[in-house]
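In the working numbering, the protein residues as written are 27 to 215. Okay, structure first, notes after.
Following this line, the structure appears as structure tokens:
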């Protein structure tokens, strides 16, 4: 605890020299709880310091919460049946004991859901124009393989994605399970 106390005291000295009223200190999980105990016992530390976990631990906690929430909603079955995660590894991915595998699984699942949403939009709104958009995208990829697609997008394709974004927001207002309030976004171009 003396090392952690020294860290806070030195942080106080540095923040005073720099004339900083509030200081955010980011740390790992092992130090965080001990640091909070010291901070709670000192009024000056409470007023001057904001302690928070680093991004790694915050991400781990977030992935763990998602895994627990959606485990029985088919999340586990989707990951196993699609071959993304082996049956013996699923608990580590769901409980976030395997950080890299968990990140990969969540990214692949998010991409798959985005594809389903785009497919629904095309089927309901843009079926007649889909061939035109697909051909334009294919042409861009063939003609300009080393130039970012956003530099080459035609107004027609920009309109397509603008309509897609509006569609996602409208569907979300009708049905929260379409994409969820926090995931009501489409593609930004």
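Glycine is no exception: its CB is placed at the ideal position from the N, C-alpha and C atoms.
query	result
Inter-stretch contact at 8 angstroms, needing at least 3 Cβ pairs: the stretch 157-166 / the stretch 122-140	no
C-alpha gap between residue 155 and residue 46, whole angstroms	57 angstroms
Sub-7 angstroms separation of residue 72 and residue 65 beta-carbons	yes
Extent of the continuous beta strand (DSSP E) run through residue 78	75-79
Short Cβ contact (7 angstroms threshold) for residue 78 with residue 52	yes
Sheet register partners of residue 166 (DSSP bridge)	According to DSSP, residue 166 bridges with nothing at all.
Where residue 52 sits in the DSSP three-state scheme	strand
Backbone secondary structure at residue 173 - three-state DSSP	coil
Pairwise C-alpha distance: residue 198 and residue 101	21 angstroms
Same chain only: Cβ atoms within 8 angstroms of residue 130, ignoring 5 sequence neighbours per side	110
Option in 69, 81, 87 and 29 with minimal Cα separation from residue 25	The structure shown does not extend to residue 25, since the chain is modelled only from 27 through 215, so no value can be given for it.
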